[in-house]
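This report concerns only the one structure given below.
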Amino acid sequence: DGNFHNTVFFDKDNDEERAKCEHFIEWLAELAIELDGTVTGEHGIGQGKIASLSSELGAATGIMSAIKAALDPDNIMNPGKIILPG
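Numbering (the numbering used here), first residue to last: 25 to 110.
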């Protein structure tokens with residue numbers, strides 16, 4: 025189905041390795057979008073790809089934020105996940 029899952033191993037205590045890993049993951053997400061793919065899978069977006077979702081969906085994320093705010097005005101339902109408060 026064109027879907028791929030990757031695991032990148034790095035030393036979490038090494039700031040340089042962490043930065044390289046984050047850059048690589050961002051690059052993969054950008055590449056997927058450029059190839060008309062998606063940054064999500066059957067299991068959802070994940071916290072690490074929230075910014076990539078905005079790149080993929082553009083203005084639709086604003087609509088999603090408005091719906092979230094209307095349904096959850098106190099931001100108590102899974103705050104900071106998928107849709108960041110806007």
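Glycine is no exception: its CB is placed at the ideal position from the N, C-alpha and C atoms. Since the model is a prediction, treat every value here as computed from it, not as a measurement.
Who are the near neighbours of Met88 in its chain, counting only those whose CB is closer than 7 Å to its CB and skipping five residues on each side?
Excluding sequence neighbours, Met88 sits near Ile107.
Mind listing, in chain order, the continuous beta strand (DSSP E) runs of no fewer than 3 residues lying wholly within the stretch 26-81?
none
With a Cβ-Cβ cutoff of 8 Å, do Ile57 and Gly72 count as a contact?
no
Within 10 angstroms of its Cβ, does Val32 collect 16 or more other Cβ (buried), or is it exposed?
exposed
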